[in-house]
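Position 358 of the first sequence, counting from 1, maps to 358 under the numbering used here, and the rest follow consecutively.
For each residue, glycine too, the CB sits at the ideal point set by N, CA and C.
Report on the structure given below.
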Amino acid sequence: MALRFYNTLTQQVEPFTPLHGNVVRLYTCGPTVYNYVHIGNLRTFTFQDILRRWLQARGYKMDHVMNITDIEDKIIRHAAAAQQTIYEYTARYTEAFLEDTATLRMQRPERFVKATECIDDMVAAIQTLEQKGFTYMSEGSVYYRIAKFPSYGKLSHNDFSGIRAGARVDVDEYDKADARDFVLWKAKKDEEPAWRTPFGEGRPGWHIECSVMAMKYLGETLDIHTGGVDLTFPHHENEIAQSEAITGKPFARFWLHAEHLSVDAQKMSKSVGNFYTLRDLTAEGYAPEAIRYLLASVHYRKKLNFTFEGLKAAATSIERLRNYKRRLETAKFAPGTNSRLAERTQAALKAFDESLDDDLNTAEALAAAFEYVRDTNTAMDSGEFQAGNAAGGLEFLARFDSVFDVLQPTQKTGGLSDAGIDAMIADRTAAKKSRDFGKADQIRKDLAQQGVILEDTKDGVRWKRQ
RNA sequence: GGCGCGGUAGCCAAGUGGUAAGGCAGAGGUCUGCAAAACCUUUAUUCGUCGGUUCGACUCCGAUCCGCGCCUCCA
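Below is the structure:
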């Protein structure tokens with residue numbers, strides 16, 4: 001079966017092909033840069049990375065835009081508290097975001113867009129909405145009138161017909177015409193950063209950012225738009241209302257939403273003390289690859305319960321795959337090619353691909369990988385595996401790693417050089433030959449203390465860094 | 001109240017109307033000077049509970065219990 005995704009809009013799994021040729025126009029909601037991102041955010045970004053990697057594995061070219069929200073209430077507040085401009089303040093966390101996603105080996109989107117770089121476009125969009133009668137002013141702010149957009153609610157599958165247009169709700173606080181109306185342009189208050197516009201000084205609402213940035217670079221109809229489940233309503237619903245009111249065309253064909261991550265079955269919160277950033281985890285010695293593996297190993301539409309036990313299990317699982325890879329690369333096999341195993345490789349590739357084609361079923365893809373590894377390891381033990389089969393094993397791992405990207409250890413700085421390690425191994429081999437096992441074991445222990453693990457195999461000594 | 005998601009072995013987690021993938025952990029074993037790695041065996045007669053449909057359901061239907069998310073900012 002062909003590549004297919006679950007579409008929040010239709011609540012069904014649908015075959016996917018791009019609208020234009022083989023280029024996928026993808027918009028993913030990026031971070032609001034007022035702090036370090038936490039592992040829950042990173043779960044969603046990991047999902048987006050898996051998505052774009054798999055699309056590419058399937059032969060598509062990516063045109064992927066991710067926004068950086070760098071003007072927003074919390075940013076204004078935090079920047080003021082730090083006595084910095086919003087630009088100074090957000091620069092730091094934007095940089096941190098790029099570092100964190102790079103640490104987790106996420107591919108960079110073709111384009112990052114900052115909200116503050118698109119203010120003119122947002123103003124123009126709001127003016128278009130104004131001309132079409134979708135807006136009204138209230139206390140200096142511009143609001144979107146959802147009563148003018150009959151299909152409002154189609155993404156989140158909420159029925160708003162019961163809310164009477166014109167009914168005034170929360171009059172004192174918002175003075176909106178309808179409880180669901182949302183702000184397009186916020187009037188300036190106090191010393192807040194602001195831009196001069198035809199409708200007064202102020203700053204853009206959050207929702208208009210994404211509509212404008214997406215359409216500016218990707219056109220009026222996107223192939224895929226993604227974000228966390230919590231963005232489905234109201235953020236994405238509002239994006240649809242704005243964009244489709246402007247263009248009269250479908251805004252995005254596929255909406256993919258990533259479920260949340262919880263920690264020890266609870267929502268992450270600073271007060272509970274179960275709130276983690278990537279930096280918290282790497283500082284405790286957890287490998288970025290293990291974190292990436294854990295975040296990617298659970299299907300993106302299923303809640304992921306983060307535990308340290310799970311993180312350790314992820315690290316062990318990766319180790320097993322790496323050991324397998326080293327065995328493929330270093331063991332000596334009998335010449336020739338076993339045809340049954342060659343077929344087994346093809347079957348494994350097929351199973352792997354079909355799993356990911358099925359709405360990115362990463363858990364099933366992992367199962368396909370481990371079954372293949374077990375079978376071929378068994379074949380190596382029995383001698384059935386031949387030299388000509390090694391390429392197939394490596395091909396499978398390359399396929400695997402083009403999506404999961406966890407096999408290459410993150411390089412640690414310092415430590416012994418390869419040549420130094422080889423010299424110590426030579427000493428140990430000599431000691432073993434003269435049956436001086438005490439000395440041999442001592443060398444192995446010394447190496448282990450420096451993070452180098454030795455394995456004696458019938459083809460000689462194999463080593464790895466821990 | 002509305003919308004949505006989930007409850008599968010110690011933990012994590014796939015899955016199909018035809019009799020339970022995979023990973024981690026545990027136990028035993030093979031191999032090895034020892035270790036490591038790898039492999040083998042073993043750990044759910046059972047898939048929240050109760051009914052129904054069916055030759056047959058964990059998978060379909062109904063009910064029910066429990067947990068969670070969104071409905072205000074939020075990945």
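- Listed as beta-bridge partners of Gly227 by DSSP are His257.
- Between Ala331 and Thr457, the C-beta spacing is below 8 Å.
- Per DSSP, Ile86 lies in no beta strand (DSSP E) segment; the continuous alpha helix (DSSP H) that holds it begins and ends at Ile86 to Thr103.
- Note on geometry: alpha-carbon atoms of Asn377 and Asp63 lie some 40 Å from one another.
- Rounded to the nearest whole angstrom, the C-alpha separation of Asp436 and Met424 is 15 Å.
- When Ser156, Asp178, Ala91 and Phe396 are compared, the shortest CA-CA separation from Thr32 is found for Ala91.
- DSSP lists Thr135 and Phe182 as the bridge partner or partners of Tyr144.
- When beta bridges are read from the DSSP output, Ser262 appears opposite Asn305.
- Excluding sequence positions up to five before and after Lys412, its CB lies within less than 8 Å of the CB of Gly451 and Arg465, all in the same chain and listed in chain order.
- In the DSSP assignment, Arg4 is bridged to Pro15 and Asp358.
- Cβ-Cβ separation between Ile224 and Val65: approximately 11 Å, too far for a contact (criterion under 8 Å).
- Between Thr226 and Leu184 a beta carbon distance of about 23 Å is seen, past the 8 Å cut, so the two are scored as non-contacting.
- Out of Asn22, Tyr34, Leu9 and Ala57, the CA that lies nearest to the CA of Arg399 is found in Ala57.
- For Gly202, the pairing in a beta bridge is given by DSSP as Ala187 and Trp195.
- With fewer than 16 other CB atoms across the displayed protein chains lying within 10 angstroms of its CB, Glu455 is exposed.
- Boundaries of the alpha helix (DSSP H) around Leu295: Pro288 to Ser297.
- Counting only the Cα atoms, Tyr89 lies some 8 Å from Ala82.
- Residue environment for Pro109: buried (at least 16 other C-beta atoms within 10 angstroms of its C-beta).
- Put simply, the segment 67-83 touches the segment 109-120. At least three CB pairs are less than 8 Å apart.
- In this structure, DSSP gives Tyr27 an extended state, which the three-state scheme calls strand.
- Boundaries of the alpha helix (DSSP H) harbouring Thr44: Ile39 to Ala57, taken from the DSSP string.
- Note: Thr277 is bridge-paired with His38 in the DSSP secondary-structure output.
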